[in-house]
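Below is one structure, written out as structure tokens; comments come after it.
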Amino acid sequence: MTATPILILSGKGKTGRRVVEQLEARDVPYRLASRSSAQRFDWYDDSTWSPTIAGAGTAYLAPPVGPTGLAQAGRFVKQAAAEGLRRVVLLSGRGVGSPGRDFAVYDGQLALEDAVKASGADWTIVQPAWFAQGFSEDFLRYHVLAGEIRVSAGDGGEAWIDTNDVGDVMTAVLLDEAHTGATYAISGPRCLRMAEVAAELTTATGRPISYVDLEPQDHVTELVQQGLDQEDAEAVRDLFAVIRHHRSEYVSDGVQQVLCRAPRDFADWARETAQTGIWQ
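Laid out in structure tokens, this is it:
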């Protein structure tokens, strides 16, 4: 299945670049497609889709955030399969389509999963928990630097996963078609409430870091003030609502299923990440 390069969409994102590193280590050919790559690809410009699809057999798809972006990704998958894409590995979200976890914020992701399954291409879906690297490689890093994690998570817990584990799982399923037709929910080994996350980060950094529980609408206001548009700010709020309503307080065993090993613990990740100086 590696005779043609694996198409990597969003190859510079947190998961995509880790997949690329794994493929390079294995000398597996791949082709990046993004707004800034040699093969220009834009989810919101469908004139870039056919040139991106041409010659691709397998694709790793990390969709954009928000209802509009997810809808575009669904359209892309349908077109890609019609134009010859044979297999899709999709990054989704833990809880999507699960009974009892039917939050509206998942509607777009569920519609995308359904589009992938209905496309006619072979598929594998990976549904990770929240990334620990959100605190080091995304907007939550600035909260750590400021000493206050200001989000609307209430006292709900999440089984935070090391994004390196996500990259390992994604690479494994990309390279082994035995995973075709499977959906894997993956998480870290334990659930942590945001106050417990703050405590782990305090220990790792040696600096006091607290958790400030925002009201959901206040969270949106702060996100917009920080530069997010209204739609994306509301999408972030709604994702935190899943934690706030205690719908993420469970551990998933997908890492063990795919890699035959345990996932990395948040405390170990935080300690090693602090040694890189990212929070100095």
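Using my numbering, you'd call the opening residue of the sequence shown number 61 and step up by one each time. Just so you know, even glycine gets a beta-carbon here, dropped at the ideal spot from N, CA and C.
{"Check": "Validate contact between the region 217-233 and the region 269-288 using beta carbons, cut 8 Å, 3 pairs", "Outcome": "no"}
{"Check": "Any alpha helix (DSSP H) of 4 or more consecutive residues that is wholly inside the region 98-157", "Outcome": "109-113, 127-142"}
{"Check": "Whether Ala116 touches Gly168 by CB criterion (8 Å)", "Outcome": "no"}
{"Check": "Thr250 versus Asp325 - alpha carbon distance", "Outcome": "Here the sequence assigns Arg to residue 250, which means Thr is not the residue at that position. Whole-angstrom Cα-Cα distance: 7 Å."}
{"Check": "First through last residue of the beta strand (DSSP E) which encompasses Leu83", "Outcome": "That residue, Leu83, is in no beta strand (DSSP E); its alpha helix (DSSP H) goes 76-85."}
{"Check": "CB of Ala141 within 8 Å of CB of Ser179, strictly", "Outcome": "yes"}
{"Check": "Met61, buried or exposed, once every other Cβ within 10 Å from all chains shown has been counted against 16", "Outcome": "Because the pLDDT of Met61 is 47, which lies under 50, any placement of that residue in the model is unreliable, and the question is left without a value."}
{"Check": "Within 8 Å, strictly: CB atoms of Tyr90 and Ile68", "Outcome": "yes"}
{"Check": "Straight-line Cα distance separating Val137 from Gly155", "Outcome": "21 Å"}
{"Check": "Proximal residues to Ser70 (C-beta, below 6 Å), its chain only, five neighbours per side dropped", "Outcome": "Gly76, Ala122"}
{"Check": "Start-to-end residues for the beta strand (DSSP E) that takes in Trp329", "Outcome": "No beta strand (DSSP E) holds Trp329; the alpha helix (DSSP H) holding it covers 326-334."}
{"Check": "Residue burial classification, Lys74 (beta-carbon count within 10 angstroms, cutoff 16)", "Outcome": "buried"}
{"Check": "Any 3 or more C-beta pairs closer than 8 Å across the region 314-330 and the region 244-258", "Outcome": "yes"}
{"Check": "Close-in-space but distant-in-sequence residues of the same chain around Cys320 (CB under 6 Å, 5 per side omitted)", "Outcome": "none"}
{"Check": "Distance between Phe199 and Gln286 (C-alpha atoms, nearest Å)", "Outcome": "10 Å"}
{"Check": "For Phe191, three-class secondary structure by DSSP", "Outcome": "strand"}
{"Check": "Residue environment, Thr112, which counts as buried when at least 16 other CB atoms sit within 10 Å", "Outcome": "buried"}
{"Check": "Helix, strand or coil at Tyr202 [DSSP, three-state]", "Outcome": "helix"}
{"Check": "Coarse secondary structure for Asp222, derived from DSSP in three states", "Outcome": "coil"}
{"Check": "Contacting residues, own chain, Cβ-Cβ under 7 Å from Ala334 (five flanking each side not counted)", "Outcome": "Ala264, Thr265"}
{"Check": "Cβ-Cβ distance between Asp182 and Thr240 below 8 Å", "Outcome": "yes"}
{"Check": "Pick from Glu173, Gln193, Trp329, Gly126 that is closest to Thr184, judged by C-alpha positions", "Outcome": "Glu173"}
{"Check": "Segment contact, 8 Å Cβ cut-off, at least three pairs: the region 291-305 with the region 256-263", "Outcome": "no"}
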